[in-house]
Ligand SMILES: [Zn+2]
Ligand SMILES: [Zn+2]
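Residue numbers (the working numbering): 7 to 140.
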């Protein structure tokens with residue numbers, strides 16, 4: 007049975023599958039916006055998000071979403087996002103390089119009994135944060 011949801015962009019009901027709650031029409035539109043933004047950024051490598059948004063007519067929040075997804079990168083966007091774990095300013099993606107290394111070593115450390123407790127706690131707090139973001 008179809009899992010119906012309201013599109014988070016236009017509010018229409020649509021058959022939700024997975025990922026973000028965006029209907030196919032808005033997704034397509036977003037894809038077009040992505041192409042426009044990507045082209046603009048390529049032609050204007052030093053442009054800030056504000057400039058790109060103004061010149062392309064694409065909302066800043068949507069451009070930031072492209073950055074979080076790791077689809078877009080530009081010199082002008084340096085340190086515009088925050089690491090989801092420690093809040094450090096980062097250029098793209100979800101975590102800073104320190105946290106990526108931490109998370110990676112915790113993943114490996116979780117196998118050894120000595121660091122199991124902290125790894126579990128980290129998992130829990132991260133889970134909570136994921137929840138509030140939704
Ligand atoms: Zn929509
Ligand atoms: Zn971090």
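Beta carbons are placed, not taken as given, at the ideal position from N, Cα and C, and that holds for glycine.
*Check each residue's C-beta against every heavy atom of ligand 2 and list, in chain order, those closer than 5 angstroms.*
89, 91, 92, 94, 102, 105
*Flag residue 15 as yes when its Cβ comes closer than 6 angstroms to any non-hydrogen atom of ligand 1, and as no otherwise.*
Reading the chain shown from its first residue, position 9 is the one you call residue 15. Result yes, Cβ under 6 angstroms from ligand 1.
*asked:* Does residue 18 come out as helix, strand or coil in the three-state DSSP assignment?
replied: Counting from one through the chain shown, the residue named residue 18 turns up at place 12. Coil.
_Run of the alpha helix (DSSP H) containing residue 11, from where it starts to where it stops_ = Taking the chain shown and counting its residues from 1, the one referred to as residue 11 is at position 5. Per DSSP, residue 11 belongs to no alpha helix (DSSP H); it is in the beta strand (DSSP E), 9-12.
*Does the beta-carbon of residue 53 have 16 or more other beta-carbons within 10 angstroms, so that it is buried, or is it exposed?*
Working through the chain shown from its first residue, we reach residue 53 at position 47. It counts as buried.
*Sequence-distant residues of its chain with Cβ nearer than 6 angstroms to residue 32 (five each side left out)*: Stepping through the chain shown from its first residue, residue 32 is reached at position 26. Once the five neighbours on either side are set aside, the close Cβ partners of residue 32 are 13, 15, 16.
*Run the proximity test for residue 107: is its beta-carbon closer than 6 angstroms to any non-hydrogen atom belonging to ligand 1?*
Translated into positions along the chain shown, residue 107 becomes position 101. No; taking the cut-off as 6 angstroms, the Cβ of residue 107 has no heavy atom of ligand 1 nearer than that.
_Below 6 angstroms, is the gap between the Cβ of residue 18 and the nearest heavy atom of ligand 1?_
Residue mapping note: residue 18 aligns to position 12 of the chain shown, counting from 1. Yes, the Cβ of residue 18 comes within 6 angstroms of a heavy atom of ligand 1.
_8 angstroms contact criterion, which residue 40 and residue 58 should meet: CB distance rounded_ = By one-based count along the chain shown, residue 40 stands at place 34. By one-based count along the chain shown, residue 58 stands at place 52. Not a contact, Cβ separation roughly 12 angstroms.
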